[in-house]
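Undergrad: First, the structure itself, so that you have it in front of you.
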């Protein structure tokens, strides 16, 4: 365990940009339950896995060592300014994109790739072999069952992959046909 107050085995950090309604902010709720640390971008440890929607490499189980040594980092900001916000983080961490998943949160319900911070964190933890941590984090949100129901199959498939290339290949089975 990372800290006696932390109910998660994994270290989760969130760079919080204060772009959203505090009442709907999943990162702040994770912090209230001691499941995430809200940090400044300079506090993200080198080598941490950074959930980054514009990264060239997909998150995969091959990133478990980064999680174990430096933690998992997410950026909580408005989707409207996400590209700019991620550029400001520079090269402090190991940027990884999540594969195809669908949001269950009330703001972006049913939208692909529009996950809330807690959904992104839970997805990453699941792919990285920390399902119990993922379930603990999601359990604080009333829509957690919908999230798992909508994403159970893809998350299970991604967690079985060896590396980023396999994750990208696996997601093809879940992408909607045009």
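In my numbering, the protein residues as written are -13 to 164. Ideal Cβ positions, reconstructed from N, Cα and C, are used throughout, including at glycine. Bear in mind that the values here come from a model prediction, so they are computed numbers and not experimental data.
1. Give the DSSP-derived three-state secondary structure of residue 35 in the structure shown.
2. Below 8 Å, can you find three or more Cβ-Cβ pairs linking the region 66 to 73 to the region 138 to 150?
3. Can you pull the DSSP bridge partners for residue 131?
4. Below 8 Å on the Cβ atoms is my contact criterion, and I expect residue 44 with residue 82 to pass it. Report the Cβ-Cβ distance as a whole number of Å.
5. To the nearest whole angstrom, what separates the beta carbons of residue 23 and residue -1, a pair I think is in contact under 8 Å?
6. Between which two residues does the beta strand (DSSP E) carrying residue 2 extend?
7. Measuring alpha carbon to alpha carbon, tell me which of 151, 110, 122, 55 ends up nearest residue 137.
TA: Taking the geometry as given:
1. strand
2. no
3. Paired residue(s): none; residue 131 is not in a bridge.
4. 7 Å
5. 5 Å
6. -2 to 2
7. 110
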